[in-house]
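Here this note's numbering = 1-based position in the sequence shown + 1.
For every residue, glycine included, the Cβ atom is placed at its ideal position computed from N, Cα and C.
Reading through the structure tokens given below for one structure.
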Amino acid sequence: EKQTNTVYLKCRIFICRQRFLTVGDKLCGRYGNKGILSYIAENVDLPYLPNSYYPDIIVGALGIPSRMNLGQLLESLFGKISFLSDIRIMPSFSSHTNTISNYLKIIIYNYLINNKIKKSFNWLYNPYIPGKFCLRDGRTGSKLKLAVFCGVA
Numbered sequence: 002e003k004q005t006n007t008v009y010l011k012c013r014i015f016i017c018r019q020r021f022l023t024v025g026d027k028l029c030g031r032y033g034n035k036g037i038l039s040y041i042a043e044n045v046d047l048p049y050l051p052n053s054y055y056p057d058i059i060v061g062a063l064g065i066p067s068r069m070n071l072g073q074l075l076e077s078l079f080g081k082i083s084f085l086s087d088i089r090i091m092p093s094f095s096s097h098t099n100t101i102s103n104y105l106k107i108i109i110y111n112y113l114i115n116n117k118i119k120k121s122f123n124w125l126y127n128p129y130i131p132g133k134f135c136l137r138d139g140r141t142g143s144k145l146k147l148a149v150f151c152g153v154a
């Protein structure tokens, strides 16, 4: 019998062009939220945290409850905790779904309190507004009227 060794080579070529975002571009997230880019601001005009961190993107608050995407909120909080404490957080869940929310609350609370104490970030956790931060206006330097939920994705 004659054996033939046939080798097929498959080559995929992707041609793309990178460009900067412009007003009018459509953006979408991992959790089904989408929107149109309406304004691009300089870093000095953006609101900032007391430790001078600026947000990368500001999303309207109406997109979260309309789609019930709590995963985006949890991802933002865990991202903020990981960024500030320089660790990787990988929570493991049991099969009991009613205890998952309590488990997540305890994890988030403990990490925020530990970072507040270790790094003396007094602004990091406020028990009256958990998960929200008091931002300052980039143009005037004054505090914004309400606390804002922000995180790292």
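Spatial neighbours of Lys35 within its chain, please: C-beta separation below 8 Å, excluding the five flanking residues on both sides. Lys27, Leu28 and Cys29
Going residue by residue through the segment 12–85, where are the continuous alpha helix (DSSP H) segments of at least 4 residues, counting only ones entirely within it? 64–68
Is Lys144 helix, strand or coil by DSSP? Here Lys144 sits in strand by DSSP.
Report yes if the CB atom of Pro48 is closer than 8 Å to the CB atom of Arg137, and no otherwise. yes
Identified DSSP bridge partners for Arg137: Tyr49 and Lys144
What does the alpha-carbon distance come out to for the pair Gly72 and Thr141? 34 Å
Considering only the alpha carbon of each residue, which of Lys133, Ser77, Lys11 and Pro51 lies closest to Gly139? Pro51
Cα-Cα, which of Leu105, Gln19, Ser83 and Leu145 is closest to Asn116? Ser83
From Ile16 to Lys119, what does the alpha carbon distance come to, in whole angstroms? 48 Å
Exposed or buried, Tyr9, counting other C-beta atoms within 10 Å across all chains shown (16 or more means buried)? Around the C-beta of Tyr9, fewer than 16 other C-beta atoms lie within 10 Å, and the residue is accordingly described as exposed.
Just the C-alpha distance for Leu113 and Ile59, rounded to the nearest angstrom, thanks. Looking at the two C-alpha atoms, the distance is approximately 22 Å.
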